[in-house]
Structures are given as structure tokens and as C-alpha cells.
Amino acid sequence: MSEEALRRIAENKQTQHFELDLSECDLIDLPAELLECVWVTKLSLRWSVELVDLSALSALSGLQHLDCSGTSVADLSALSALSGLQHLNCSRTSVADLSALSGLSNLQHLDCSGTSVADLSALSGLSDLQHLDCSGTSVADLSALSALSGLQSIDCSGTSVADLSPIKYLIKDNVQVIESDSLLLRFVRSKYLSGIYVGDCPLICPPIEIAQDSPEAVVDYFEELGEDGRNLNEVKIIFLGEASAGKTSLVKQLMGEAFDLRESQTHGIRIRKVPFTMPDGDAVTAHLWDFGGQEVMHATHQFFLSQRSVYVLLLNSRNDDQAEKWLKHAESFGGRSPVLVVLNKIDENPSFEVERKSLQEKYPQIQGFFRLSCAENNHSGFVEFKEALRQQIDRSDTRRTPFPARWLAVKNHFADMTADYIEAAEFRRVCERHGVARPLSQDVLLQFLHDLGVVINFRNLQNFDTQILNPLWLTNGVYRIINSGLVAESGGLLKEADFDAVINDSRYQTNDTSEQAFHYPKHKLQYIVRVMQEFELCFMLDTQRYVVPQLLPANASDFQFDGAVLKFVIHFPDLLPSSVFPRLMVKLHTFIRGADRWRTGMVLHKPTVFQASARVRWDKEDQKLLLDVCGEERRRFLSFIRETVKEIVADFANLNFTELVPIPDGDAYKDYDELVCAEQDGEEEVYIKELRKRVKIADLLDGVEEAVMRDEEAQKPIKAFVSYSHADLEHLKALQAALSPLVRLEKLQLWDDRSIDAGTDWRETIFQHLAAADVVLCLVSPDFVKSDFCYQEEFSTALLEHNRGEKVIVPIRLRSTDWDGLRLRDIQGVPGVWVTSAGNKDEAWTEVSVALRRVLEQVKARKRAE
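Next up, the structure:
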């Protein structure tokens with residue numbers, strides 16, 4: 001018997017306190033002395049891993065809270081007598097059956113996470129239940145909860161739950177569906193915040209894209225679904241591989257077309273449709289996406305590679321060493337989407353094979369290997385592959401996604417879209433023609449069609465009339481730019497005067513009726529370039545020229561370091577996608593020194609922001625980013641570059657990287673994360689075998705970053721609300737770019753009304769974020785002052801808290817306006833001159849950034865004092 005447990009029980013007998021904590025007391029049986037504590041209403045038995053039997057607890061009839069998590073308890077039948085039980089935590093136990101709880105009508109909170117529970121039917125009559133955590137269990141069906149109108153939160157993350165329709169009443173109460181398994185989720189599990197947590201669930205009803213949108217979008221989906229929903233029966237099949245792997249030939253064989261020995265390479269993307277009949281008789285349309293294998297095309301993959309697809313990877317005997325590269329590529333975009341690996345052209349090399357077992361172990365998403373030759377009709381390997389593909393299509397989420405009948409009619413209309421693009425008004429007319437009349441339904445449907453790749457719609461480019469795009473029209477337009485000889489010959493410079501010559505190059509004019517012809521009128525060319533900017537494929541150099549990083553010269557610029565150099569390495573051991581460095585260059589282009597940029601490197605220097613210079617290089621062979629920084633603020637500049645890289649990496653699924661810290665007086669490096677963990681564990685020194693001595697961890701880490709960057713308290717975000725007129729949208733984007741150092745280093749969180757989800761109460765959302773903000777940035781212009789909402793409502797509301805010292809208002813002098821006599825004029829604004837009147841706008845925006853940094857320091861100091 002645990003002496004510690006007996007001591008705590010004896011102490012409780014003296015105090016007769018309602019709470020008794022016997023956690024981590026290594027109990028094997030429940031002490032008889034415990035049963036004498038009949039006044040106890042809250043009991044914890046946590047982490048007595050050998051405790052199995054709870055039957056003695058039936059004597060404690062007044063128990064209201066019981067925590068037996070982390071024990072070996074499997075039988076809860078003793079709890080059936082505890083009619084007053086309100087809170088039960090049996091997580092991480094051997095419990096598999098909840099039937100003993102069916103009569104506990106007062107139960108409000110139940111945590112059975114991490115158990116073998118698969119059936120929730122015992123809970124169907126527990127009308128008082130408010131919070132349920134069944135995460136990490138075998139639960140797949142939530143039907144038992146359909147009548148529990150008092151539920152406020154359900155955590156079913158990590159289960160097999162695919163259908164939320166039994167609890168749609170809960171979503172109607174404006175409870176958010178939360179898909180990510182974040183720090184917030186772990187907090188929610190202990191604090192019972194409202195929400196439906198579905199991280200890592202195979203959700204199909206509603207589709208995960210809609211679940212992530214807003215409660216209103218989910219409610220709208222269920223209302224539109226009604227009783228006549230049908231399976232979507234659409235699946236995207238993505239073919240990947242080198243340019244000569246035979247992707248187009250395999251697609252043609254699936255289409256029943258003849259093999260062509262002289263098949264031309266795919267430039268851009270081709271999409272073909274082929275029907276598959278499923279075992280249940282449903283006809284499923286497979287959309288076959290044939291991606292050009294040229295490396296220059298990899299940057300466009302981010303448009304369409306998704307986690308709701310089936311991937312087909314083609315290899316041949318000439319590129320068998322590329323298997324892992326492409327598997328990592330598919331994984332980085334598609335996550336755990338199934339992959340079929342095709343070993344093609346075995347007629348040319350009958351012995352061609354790969355290390356199947358090791359690849360399968362490393363990439364469990366592989367669903368099979370198939371040896372075939374597209375040159376041979378109905379090759380046995382092809383028949384086997386086609387059947388395996390049919391099986392993956394049958395299992396696909398999008399095949400089984402319930403879809404409202406009216407939405408399906410709209411989708412079918414646009415799936416057969418032959419126009420290159422249409423305006424938003426035309427999309428709404430088509431929706432209304434098919435009975436989708438509500439603006440919210442139209443917005444939710446449009447976003448879902450975008451996620452499926454049926455059409456393309458970019459919310460951030462709504463100021464263009466061209467809002468609904470044919471995917472092929474867009475990608476082929478982008479392809480023509482990044483494959484342009486004219487741009488390459490110009491050193492990666494795309495001139496606005498050359499848009500027409502580049503995109504409407506005569507090379508792309510074809511008389512082949514089997515090839516779809518695309519038309520790019522001059523007034524639409526700017527839109528394609530804006531899309532490239534949006535996806536960080538190019539950046540604006542000045543008002544007439546753009547830089548395409550992939551087409552820059554290969555030769556490096558000379559760079560002489562001045563003073564001590566700080567070296568840092570970011571290593572991608574599995575895959576460094578070819579789009580990462582070009583995107584990094586786009587994000588950092590305002591820091592590039594003059595023309596010091598080349599295809600695999602750049603020199604950064606902007607002394608008005610950082611008193612430092614940096615050289616950033618892409619080592620393609622070793623899959624590394626090499627960072628060399630010098631100057632007074634080299635550590636701060638390095639941190640800024642590192643945070644920028646992390647932003648890009650976050651867009652990929654399962655993209656691993658390691659940060660390496662240099663060892664003084666040598667060429668060796670240590671893993672940054674390992675050093676941080678050691679420091680957090682209280683270790684002060686680490687042994688460096690290359691130096692054969694121990695070195696202080698703080699010296700290594702402080703050598704590459706300021707200690708404040710590792711201080712969790714100092715890294716808590718500061719929230720800034722941006723109040724602006726929509727007429728100043730382009731200036732808002734310039735502000736965001738100027739404040740990027742503060743966003744990445746000071747954890748500044750900018751919010752503006754473009755983040756409002758479709759269908760939400762925009763007014764309520766705006767004032768919620770305004771209330772939560774620490775700082776309010778007012779973009780002052782004639783349109784801002786004229787706007788009743790910006791000035792009379794947003795500013796006036798914030799001014800009350802500003803005057804009480806609870807908020808800081810920062811007027812940003814954007815466009816010259818007469819603001820004498822206005823209350824806004826009494827608050828110190830920046831910069832010293834109106835931005836649009838400044839001779840050097842970069843310097844004006846830098847002045848804003850520097851001033852705001854001082855404001856953030858003041859806010860942090862105030863918060864520490866509180």
C-alpha cells in the first residue's frame with residue numbers, strides 16, 4: 001500500500017475537505033481507509049498505472065468528479081451507482097465499454113480519449129452532457145449524440161468520424177468546427193472551450209474545406225444538402241514524374257487511345273476525364289491531371305496539388321533514382337494521399353525495379369507498385385494498375401462526399417466550362433439559374449469548386465473583373481511566362497511592354513484541333529502576372545518591370561563581407577522543393593541589394609531596417625539554404641530570414657528541415673533544436689567532439705539569435721487592427737510588406753476585414769477583433785476620413801480605449817487630406833510626410849515600421865507591468 005496515499009487520506013480525514021488528490025500514488029488497490037471519506041465529492045486517482053479495480057468506489061455515493069486517467073481500469077460498472085457523478089476522466093485507460101454510464105443522468109463532462117472505446121450509444125440518454133472528448137479512440141459514428149442538445153464541445157480528433165450531420169444542431173448554435181490539432185486544441189481539452197474538434201479525421205460531411213470555413217458555411221451546406229444530397233462522385237488523379245516518364249501515354253491508355261511513339265512532351269497541364277464504374281453501380285468521373293515534368297513547372301504545382309487526390313508516380317529505367325524525390329514531392333503537397341507507383345517502359349528494360357520494401361516502409365501512402373509498358377495495349381501490368389486505381393477511386397473522400405443536388409448542377413456546368421474565364425456576376429447568374437440563390441451559398445460553393453480545382457478563384461484579387469477562371473487557361477498562361485526565352489534572355493526581367501509577346505508567343509499557336517486553344521487578350525495579361533505575384537512566382541521591380549527568380553542568370557554576384565560573419569545552415573534532409581528559394585526571394589525582394597540576385601542566391605542589405613548584410617544561397621545538390629550574415633544587427637537579421645523560411649515551409653505537408661548552428665573556431669555545426677531543448681531542460685553545456693571540450697549552450701545560441709527570441713513570454717503576439725478604406729487596398733498591401741520584420745520578429749499579428757469568412761456577421765466580427773487589438777492602425781486618406789464606418793465607428797470606438805491607455809492608435813499618413821480639427825489629428829502620426837507624396841516611398845514605409853516597433857516595445861512593457 002502506498003504510504004503517500006495513506007498520508008493524504010489521513011490528512012483529508014482531519015480536514016474533511018471535499019477534494020482528495022491521490023494522483024501518482026502508485027496504487028494497486030483502493031485503500032479501505034478511502035471508503036471512510038464519504039464527504040469527498042472530487043477524487044483523483046490519476047497515473048496509478050497498476051490500478052485495475054474501481055468496485056469499492058460504489059461506497060462513495062456522493063462523488064461528483066472522478067479522474068482515473070492513466071490507470072489500467074477496464075471496467076466502469078462500479079460507477080453505475082454514482083448517480084451524482086458530473087465529471088469523469090477515464091482517458092488513457094483500458095476502457096472499451098461505456099455502457100455502465102448510461103444511467104448517469106447528471107454527467108456533464110466525459111473524457112474517454114486514448115481508450116479503445118468505439119461505441120457511444122450508451123451516452124444517447126445523457127441529456128446533461130456538455131463536453132465530450134473521445135479523441136484518439138475507435139469511434140466512427142456520432143449518431144448517439146443526435147439528441148444531446150446541451151452539448152457545447154466535442155473532441156473527436158484522431159478518430160474515424162467522417163460525418164458530422166448527427167450533430168449539425170450544435171453547429172447551428174455557431175459552434176466552430178476546428179480541423180487542426182494545435183496548442184489551442186490541447187488547451188481546449190482541459191478548459192472545455194466550445195468547438196467540434198476534427199483534426200486528423202477523414203471528414204467528408206461536411207467536406208473539410210467547408211468545415212474549415214465558418215460555422216455559417218457549414219450550416220449553409222447542411223441546409224442546401226437537405227434530403228436529396230448525392231455523392232459527389234468526382235476524383236482528381238494527379239500524374240507526376242520526369243518529363244520522359246510516359247505520363248501522357250498512360251493517361252491516353254486509360255482513355256482507350258492508341259500509343260504514339262512520337263508523343264510530344266506536356267507543356268503546362270492537361271486535364272482529361274474518364275468514367276469509372278464502381279461496385280455499387282455509381283459512375284465516377286476521374287479527372288486525370290497530367291503535369292509537365294520539367295523542373296520549371298514545379299512552381300505551378302502549388303496551384304493544384306492537394307490532399308484530396310490520388311497520386312500516380314511514373315518512373316522509368318532512366319530515372320529510377322528519382323523515386324524518392326517525387327514521393328517526397330507528392331507528400332509535401334498531398335500529405336497522406338494514396339500513391340500508386342508505376343514502373344513504365346519495361347519493354348525497354350525488363351529488369352527495371354526499385355527497392356519496394358524500403359520505399360513502402362518510408363512512404364506508407366504507397367498503395368502498390370505496377371510494372372507495365374504503355375507501348376503494349378492491355379499489358380497485364382496495365383490491367384492490374386487500372387483495377388488498383390479503380391479501388392483507390394472508390395475509397396476516395398471526394399467520391400463519397402455528399403453534395404447538394406443544386407450545387408451538383410452548378411458544378412457540372414463549370415466542369416464543362418469552355419470559356420477561359422468569366423466574371424463573378426456570370427457565376428452568380430448560373431447559380432441562380434440552378435436554384436442556388438443565397439449569396440452565402442454561392443460564396444461557399446465557389447470556394448469549394450476552387451478547392452476541387454473545377455474553377456480557380458482568388459479572393460485576394462477581387463478588384464479584377466476576371467474572377468472565375470478555367471484552370472488550364474491560368475496554368476498555361478503562367479507556364480508561358482516561366483518558360484519564356486525572352487524573359488530568360490533579359491536576365492529574368494519581365495517587362496510590362498513584353499506581356500503580349502511572352503504570353504501570346506507564336507510557339508503556342510496550334511492548328512491541332514485535339515489541343516485546346518487559349519486566348520489571352522491584352523487587358524487580361526496583367527491578371528496572370530498578379531496571380532504569379534500572389535503565389536510568389538515573381539515580384540515587381542518597378543512600375544514597368546517584374547523579376548521571375550527561376551529565370552535569373554546562373555552566375556553569382558561578388559560579395560565582400562565586412563567584419564565578423566555569422567554562418568547558419570537550414571538543411572532539408574529529404575526534399576528541398578525547387579519552389580522554396582524562388583519564393584524566399586520574392587518575400588525578401590525589398591531587401592535585395594541593387595541587382596545582386598541570381599538563380600540560386602541573393603545579397604540582402606537594407607540599412608534603414610537592419611544594420612546588417614546577408615548572403616543567402618541555395619545548395620541544390622545538398623538540399624541546403626546557406627545563410628551568411630554580417631553587421632551590427634546580424635543576429636536579428638538572421639532571425640528575420642529564418643522566420644521567413646519557416647513561413648514558406650508551413651505551406652507544405654511533412655516537409656522536414658533542420659537548423660544548424662555553427663561551432664566557434666571550427667567548421668562543425670550543431671542541431672539548433674537539440675540545443676534549445678537542452679537549454680530548456682536546464683543543461684548549461686554541451687560536449688563538442690570536434691573541439692574535444694564542453695561549450696556553454698547559451699554562448700552557441702546567443703551567437704545566432706537574441707535570447708529574447710527564445711523567451712516564450714516575450715514572443716506572445718501583439719494584435720494590431722487595421723482600419724482602412726477599401727480604396728486604399730494596394731497601400732494596405734504595401735503596409736503589410738513594410739511591417740514583415742515586425743510580424744516575424746516581434747510576433748505582430750495584423751488583422752483587417754479581408755479575413756472575414758464568407759457568411760459571418762461582418763460587423764460583429766470587425767468589432768470583436770477591434771476589441772481584442774492592442775494597437776489600431778488607421779490608414780489616413782480622404783476616403784478614410786469620408787467613411788462613416790472607418791472614422792465615426794472604428795476610430796471612435798478605439799479612441800475611448802486609447803484615451804484610457806488600454807489601446808494605442810497609430811495614424812498612418814497615407815494620402816494627403818485636410819484633417820485639421822479632427823480628433824485623429826491630435827494623435828502623433830507617421831511618417832513625417834504623406835506616403836504618396838514621399839520622394840522615396842520605401843523610406844516612408846520604413847519610417848512607419850521603425851515607429852511601430854517602438855510602439856510594440858511600449859505595449860509589451862505595459863503588459864509585463866500588468
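The sequence shown begins at 1 in the UniProt record's numbering and counts up by one. Note that CB positions come from ideal geometry on N, CA and C, so glycine has one too. None of these values were measured; they are calculated from a predicted model.
Taking the C-alpha atoms as reference points, what is the distance between residue i and residue j?
| i | j | result |
| --- | --- | --- |
| residue 617 | residue 601 | 4 Å |
| residue 146 | residue 155 | 15 Å |
| residue 135 | residue 73 | 18 Å |
| residue 201 | residue 138 | 11 Å |
| residue 228 | residue 397 | 19 Å |
| residue 752 | residue 764 | 13 Å |
| residue 343 | residue 393 | 20 Å |
| residue 286 | residue 411 | 14 Å |
| residue 633 | residue 614 | 11 Å |
| residue 444 | residue 471 | 19 Å |
| residue 44 | residue 197 | 26 Å |
| residue 308 | residue 417 | 22 Å |
| residue 362 | residue 322 | 15 Å |
| residue 18 | residue 90 | 20 Å |
| residue 745 | residue 70 | 40 Å |
| residue 689 | residue 664 | 13 Å |
| residue 189 | residue 667 | Because residue 189 sits at a pLDDT of 38, beneath the cut-off of 50, its placement in the model cannot be relied upon, and the point is left open. |
| residue 95 | residue 658 | 40 Å |
| residue 790 | residue 770 | 12 Å |
| residue 194 | residue 755 | 21 Å |
| residue 680 | residue 696 | 13 Å |
| residue 458 | residue 845 | 27 Å |
| residue 250 | residue 374 | 6 Å |
Just reading off the beta strand (DSSP E) that residue i is part of, what are its end residues?
| i | result |
| --- | --- |
| residue 236 | 234 to 240 |
| residue 89 | 87 to 89 |
| residue 122 | No beta strand (DSSP E) holds residue 122; DSSP gives it neither H nor E. |
| residue 620 | Unbroken run through residue 620: none, as it is neither H nor E. |
| residue 291 | 283 to 291 |
| residue 658 | 658 to 662 |
| residue 685 | 685 to 688 |
| residue 671 | 669 to 671 |
Specify, as a first and last residue, the run of the alpha helix (DSSP H) that residue i falls within.
| i | result |
| --- | --- |
| residue 443 | 439 to 452 |
| residue 776 | No alpha helix (DSSP H) contains residue 776, which is instead part of the beta strand (DSSP E) from 775 to 780. |
| residue 143 | Segment: none, residue 143 is in no alpha helix (DSSP H) and carries neither H nor E. |
| residue 505 | Segment: none, residue 505 is in no alpha helix (DSSP H) and carries neither H nor E. |
| residue 210 | 208 to 211 |
Reducing DSSP to helix, strand and coil, say where residue i ends up.
| i | result |
| --- | --- |
| residue 766 | helix |
| residue 475 | helix |
| residue 568 | strand |
| residue 64 | coil |
| residue 245 | coil |
| residue 153 | strand |
| residue 864 | helix |
| residue 509 | coil |
| residue 272 | strand |
| residue 221 | helix |
| residue 330 | helix |
| residue 610 | coil |
| residue 404 | coil |
| residue 375 | coil |
| residue 277 | strand |
| residue 704 | coil |
Using a Cβ-based criterion (distance less than 7 Å to any ligand heavy atom), does residue i qualify as near the ligand MN?
| i | result |
| --- | --- |
| residue 336 | In terms of ligand content, the structure shown is empty, and the ligand MN therefore cannot be addressed. |
Let me see if you follow: with CB-CB separation under 8 Å, is residue i close to chain D or not?
| i | result |
| --- | --- |
| residue 433 | No chain D appears in this structure, which consists of one protein chain only. |
*asked:* Could you check whether the segment 833 to 846 touches the segment 818 to 825, counting it as contact only if at least three pairs of C-beta atoms, one from each stretch, sit closer than 8 Å?
replied: The segment 818 to 825 and the segment 833 to 846 do not touch, with fewer than three beta-carbon pairs separated by less than 8 Å.
*Determine contact between the segment 94 to 110 and the segment 76 to 86, defined as no fewer than three beta-carbon pairs at a distance below 8 Å.*
Enough Cβ pairs lie closer than 8 Å, so yes.
_Three-pair Cβ contact test at 8 Å for the segment 531 to 550 versus the segment 487 to 507_ = Under the three-pair Cβ rule at 8 Å, the segment 531 to 550 counts as touching the segment 487 to 507.
*asked:* To test your reading of the DSSP string, which unbroken beta strand (DSSP E) runs of 3 or more residues are found completely within the UniProt domain "TIR" (716 to 852)?
replied: Segments of the beta strand (DSSP E) lying fully in the UniProt domain "TIR" (716 to 852): 718 to 723, 748 to 751, 775 to 780 and 808 to 813.
*At what residue ranges does the segment 1 to 59 contain a whole run of the beta strand (DSSP E), taking only runs of 3 or more?*
Runs found: 19 to 21 and 42 to 44.
*Would you call the segment 373 to 389 and the segment 242 to 260 touching, i.e. three or more CB-CB distances under 8 Å?*
The count of Cβ pairs closer than 8 Å, one atom from the segment 373 to 389 and one from the segment 242 to 260, reaches three, so the stretches are in contact.
_Runs of alpha helix (DSSP H) lying entirely within the segment 521 to 606, each at least 4 residues, in chain order_ = The segment 521 to 606 contains these whole alpha helix (DSSP H) runs: 522 to 534 and 580 to 587.
*Answer yes if the segment 496 to 509 comes into contact with the segment 561 to 569, meaning at least three C-beta pairs across the two stretches below 8 Å, and no otherwise.*
Contact between the segment 561 to 569 and the segment 496 to 509 is absent: fewer than three C-beta pairs spanning the two stretches fall below 8 Å.
*Evaluate the contact criterion for the segment 424 to 431 versus the segment 209 to 227: three or more CB pairs, one atom per stretch, below 8 Å.*
Cβ pair count under 8 Å is below three, so no.
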